[in-house]
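What follows is a short report on a single structure.
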Amino acid sequence: MRAIVFESYGGPEVLRIADIEKPTIKENEVLVHVRSCAANAADWHVMRGDPYLARLYFGLTKPKKNTVLGNDFAGIVEAVGPQVTNFKPGEEVFGQVITGAFAEFLCVSETNLSHKPKNLSFEQAASIPCAGLTALQALRTAGDIQPGQKLLISGASGGVGSFTVQIAKALGAEVTAVCSTRNIDAMHSIGADYTIDYTKDDYTLGDHQYDLILDIAGDKPFADIRRVLKPSGTYCPVGGPGGGLLGSMADSLKALAVSQFLSQKVVLVMANTNKTDLNYLKELIETNKVKPVIDSRFSFDEIPKAIHHVEHGHPKGKVVIFL
Ligand SMILES: NC(=O)c1ccc[n+]([C@@H]2O[C@H](COP(=O)([O-])OP(=O)(O)OC[C@H]3O[C@@H](n4cnc5c(N)ncnc54)[C@H](OP(=O)(O)O)[C@@H]3O)[C@@H](O)[C@H]2O)c1
């Protein structure tokens, strides 16, 4: 089968299409024929081995042999292991793996899989897991957002942000989206109540205070952010220029340490894949409360271009790949 592999860390030029063996399932796994996958910030971080902390898992000096990049996918069940109870061959599914989604076939534990929302294409479904789960877990598990509460999302127009705005509205929050000028209309069209243009205004200098600040852009120190956080409010750092939570870990841990002396809370968000949350997202989508925002589509051969676009192209929503 065809797969995207890489033998050294670096830019998109280290990626190549290889012909590798189709994987074989373990007893509790599902073999999926991948029809679409999605590119995430995580892919270029793994490709570059940056932050270095990630290399503890993927390989210290170079990636482990036969590492196939990619984590989000949607496809059709080809075969199931004897312990699998919820899926059968022929069913349409979507899910997430740590690596291996940029391939024609992959094996996944049934706990990391859900049935594809009926009203979505494979491409739309592939765009959901990483970004949708991060958004959901940041809002519900970490942020504990309640109906009527005021939420500010910094970095609202990207993959994670576009899900966060819609899920927050579905949960009844009042949403302020921080984005650049070109994304203001798009943010209102997916439900944001208010917008702040970060190219013109600094949200930490505003007059309003928020119950929850979800920080996907990660461009400001907590000392500034807490000015616009209510005394009982919560700050959730999700991402940043340094590579998600791992890259901005030092800043996040500093904020966490400082918060021990404050009434304001800091909760770090590290998303995980689980069936319950995938099913919850599926339900939000099938009841038309959330719809994936697709920025662009690339073919399988163009995966290096797709990753370059995610790293440098300022996507408006998700970047998907069709097979
Ligand atoms: N903690 C976790 O478990 C977890 C999981 C997934 C992702 N992440 C992290 O979350 C971050 C975002 O991921 P993503 O997939 O959403 O990336 P993305 O699609 O590239 O989106 C990033 C967004 O941030 C916006 N932005 C850039 N600078 C900004 C600023 N100063 N203020 C407000 N918005 C700004 C960009 O908008 P413009 O184009 O208009 O600048 C873009 O829409 C990454 O750092 C990723 O590693 C963390």
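Counting in UniProt numbering, the sequence shown runs from 1 upward without gaps. We treat Cβ as the ideally placed atom computed from N, Cα and C, and that holds for glycine.
In the structure shown, what three-state DSSP assignment does residue 305 receive?
The answer is helix: DSSP assigns residue 305 an H, G or I state.
Using CA coordinates, which residue listed in 147, 180, 87 is at the minimum distance from residue 171?
Nearest of 147, 180, 87 to residue 171, Cα basis: 147.
So what's residue 39 in DSSP terms, helix, strand or just coil?
It is a strand residue.
Buried or exposed, going by whether 16 or more other CB atoms sit within 10 Å of the CB of residue 235?
Residue 235 should be labelled buried.
Can you tell me the Cα-Cα spacing of residue 213 and residue 173, whole angstroms?
Whole-angstrom Cα-Cα distance: 12 angstroms.
Could you tell me the distance, in whole angstroms, from the CA atom of residue 66 to the CA atom of residue 189?
Approximately 42 angstroms between the Cα atoms of the pair.
Locate the alpha helix (DSSP H) running through residue 280, then write down its first and last residues.
Element bounds for residue 280: 275 to 286.
Quick one: does the C-beta of residue 314 sit closer than 7 angstroms to a heavy atom of ligand 2?
This structure lacks ligand 2; the ligands present are ligand 1.
Rounded to whole angstroms, what is the Cα-Cα separation between residue 191 and residue 149?
Distance between the alpha carbons of residue 191 and residue 149: 15 angstroms.
Where does residue 52 land, buried or exposed, given buried means 16+ other C-beta within 10 angstroms?
That one is exposed.
Per the contact definition of three or more C-beta pairs closer than 8 angstroms, is the stretch 135 to 143 in contact with the stretch 117 to 127?
Contact between the stretch 117 to 127 and the stretch 135 to 143 is absent, because fewer than three Cβ pairs lie under 8 angstroms.
Is it buried or exposed for residue 64, if we count other Cβ within 10 angstroms and need 16 for buried?
The residue in question, residue 64, is exposed, as its Cβ has fewer than 16 Cβ neighbours within 10 Å.
List, from N- to C-terminal side, the alpha helix (DSSP H) runs of 4 residues or more that fit wholly inside the stretch 44 to 114.
Within the stretch 44 to 114, the complete alpha helix (DSSP H) runs of at least 4 residues are 55 to 58.
By alpha-carbon positions, which one of 72, 49, 80 ends up nearest to residue 27?
The residue with the shortest Cα to Cα distance from residue 27 is 80.
At a cut of 8 angstroms, does the stretch 288 to 306 reach the stretch 10 to 30 through at least three beta carbon pairs?
The stretch 288 to 306 is in contact with the stretch 10 to 30.
Assign residue 200 to buried or exposed, taking buried as 16 or more other Cβ atoms, counted over all protein chains shown, within 10 Å of its Cβ.
That one is exposed.
Decide yes or no for the touch test of the stretch 75 to 94 against the stretch 102 to 111: beta carbon pairs closer than 8 angstroms, at least 3 of them.
Enough Cβ pairs lie closer than 8 angstroms, so yes.
List the whole-angstrom C-beta distance separating residue 105 from residue 78, where the pair is believed to meet the contact cut-off of C-beta under 8 angstroms.
Their Cβ separation, rounded to whole angstroms, is 7 angstroms, which keeps residue 105 and residue 78 in contact under 8 angstroms.
Please name the residue in 19, 262, 50, 24 whose C-alpha comes closest to that of residue 8.
For residue 8, the nearest C-alpha among the options comes from 50.
CA-CA distance, residue 116 and residue 96?
Answer to the nearest angstrom: the Cα atoms are 12 angstroms apart.
Near residue 93, what residues of its chain come up, given a Cβ to Cβ distance below 8 angstroms and the 5 sequence neighbours on each side ignored?
Closer than 8 angstroms at Cβ, skipping near neighbours: 30, 32, 74, 75, 76, 77, 87, 113, 114, 115, 116.
Examine ligand 1 and report whether any of its heavy atoms sits within less than 7 angstroms of the Cβ of residue 154.
Yes, ligand 1 has a heavy atom inside 7 angstroms of this Cβ.
Are the CB atoms of residue 198 and residue 178 nearer to each other than 8 angstroms?
Yes; because the gap between Cβ atoms is below 8 angstroms, this pair is in contact.
Alpha carbon to alpha carbon, how far is residue 278 from residue 133?
If I take the Cα positions, the gap works out to 7 angstroms.
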